[in-house]
Amino acid sequence: MTMWKLFQVPATHIDAAWKDGACKLGEACKRAEAEITPDQLKMLLSHGMRDLVGVVNTETGATGWAAVQFQTLPNIRVLYVYAIYAPGAAGPECFRLLADYAKQGGASSIRGACDEVIEKLWTRRFKAKRLYSICEIDLKAGDV
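Here the sequence shown stands for residues 0 to 143, where the numbers follow numbering that gives the first Met the number 0.
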């Protein structure tokens, strides 16, 4: 069985983690369609406005990264995933580690905005359910 370990990177060490591979979260930023750039995400992480967690395979050294934040909503506390880059680290074992991290932080669920591909993956692998959709109306287009 593959051995994975989850770790949290302190805000003071974001630059080092970025050089060690967390920069791959920039790939996730591309899915956000101009919502955030990789440099902006790095800034949020280094200022402690988001948390950087990673998973590492203790046998191969493979890593996955996620930018997350605990959110306290009126009725629940959730771990919100803002960006994730985890090829080869998106299986049940890694998500169990993320779920344990969420529970240790007092969360009762994990949430994240997903495109259709990630939604299907999370639904199939982790029994995620769609809560709602986020729509955007481009005011520059003049269609309103």
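Think of the CB as a built atom: it goes at the ideal place given N, C-alpha and C, for glycine as much as any other residue.
- prompt: Is the Cβ-Cβ distance between T62 and V55 less than 7 Å?
  reply: yes
- request: Provide the residue(s) that pair with L5 in DSSP beta bridges, ordered along the chain.
  value: V54
task: Could you round the C-beta distance between A82 and A106 to whole angstroms and report it? I think they count as a contact, below 8 Å.
output: In fact, because the Cβ distance is near 18 Å, the residues do not count as touching under 8 Å.
- request: Return the residue from the list P9, A15, P91 and V8 that minimises the CA-CA distance to L120.
  value: P91
task: May I ask you to list the residues that DSSP assigns as paired with R76?
output: T71
- prompt: Can you pull the DSSP bridge partners for I109?
  reply: L78
task: Enumerate in chain order the residues of its own chain whose CB-to-CB distance from V143 is below 7 Å, with the five nearest sequence positions on each side excluded.
output: I136
- prompt: In angstroms, rounded to a whole number, what distance separates the CA positions of L97 and V67?
  reply: 10 Å
message: Counting C-beta neighbours from all protein chains within 10 Å, is the total for S132 16 or more, i.e. buried, or is it exposed?
response: exposed
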